[in-house]
Amino acid sequence: MSTFLGPWIGSLCTGYGGLDMAVMDVYGAQPAWCADNDPHVVKILDKRYPAVPNLGDLTAVDWNGVPRVDIVTAGFPCQDISYAGRHAGMREDTRSGLWFTIADALRVLQPGLVFVENVAALRSRGLDRVLGNLALLGYHTAWTCLRASDVGAPHRRERLFLLAAHPERPGTPTARPARRAGRRAVTS
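Take a look at the structure:
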């Protein structure tokens, strides 16, 4: 079995894995695990990352038992904060409130870097909470909004991207055995 020396990614609210693919490309990283319980997404992840375990429902995970990673990515649900969405807000009883579960996971996992992606409406509908939670965990943050057309797509679709870095965790990757291809365990 080979040893992978690059950084490991843990992906929360993985979706189709676009944010993860960008981070893997930039950092030469590899996914250690992902977490998404949407049945359609699970099928995509089974094809894209067949050897990567899917932790399933974030709210049911004991983060103390999850392998540590160097980078965590999270594209949490936007339905309650999007201008086109439900306007329910980012509260613990909403889908977009899944951010609070992500913050709890970060408290335990303590990655050196965190990448977050969401709709641009987050600026006025919850970014203060996201930045506040990350600050309480010791992260320094920077964020920007980009339109899909800024990178060549034929539509506007503006998204917010946030990078959080912890100054006491430089993110030096540790060697771990690379995973072998095989069936992923999915918990619901």
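Numbering of the sequence shown is given in the working numbering, commencing with residue 22 and proceeding in unit increments. Think of the CB as a built atom: it goes at the ideal place given N, C-alpha and C, for glycine as much as any other residue.
Between the beta-carbon of Gly-31 and that of Pro-188 there is about 20 Å, and that puts the pair past the 8 Å contact cut. For Val-137, the enclosing beta strand (DSSP E) has its first and last residue at 134-140. Within the stretch 67-127, the complete beta strand (DSSP E) segments of 3 residues or longer fall at 92-95, listed in chain order. Contact fails between the stretch 104-113 and the stretch 75-83, because fewer than three Cβ pairs, one in each stretch, are under 8 Å apart. Distance check between Gly-39 and each of Phe-121, Arg-180 and Ala-186 places Arg-180 closest, using alpha-carbon atoms only. For Leu-181, the secondary structure class from DSSP, reduced to helix, strand or coil, is strand. Counting the other CB atoms within 10 Å of its CB gives Asn-85 a total below 16, which places it among the exposed residues.
CA-CA distance, Ala-163 to Gly-118, rounds to 21 Å.
About 4 Å separates the beta carbon of Val-90 from that of Trp-29, a gap short enough to meet the 8 Å contact definition. According to DSSP, residue pairing for Thr-162 in a beta bridge involves Ala-185. Ala-43: member of the alpha helix (DSSP H) spanning 39-48, first to last residue. Rounded to whole angstroms, the gap between the alpha carbons of Cys-166 and Thr-35 is 20 Å. Asp-83 and Ala-126 have their C-alpha atoms roughly 9 Å apart. C-alpha of Val-73 to C-alpha of Val-63: approximately 11 Å in a straight line.
Taking the C-beta atoms as reference points, Val-129 is found no nearer than 8 Å to Leu-33. Relative to the Cα of Val-44, the nearest Cα in the group Met-111, Gly-96 and Asp-59 belongs to Gly-96. If you draw a 10 Å sphere on the C-beta of Met-111, you find 16 or more other C-beta atoms in it, and that means buried.
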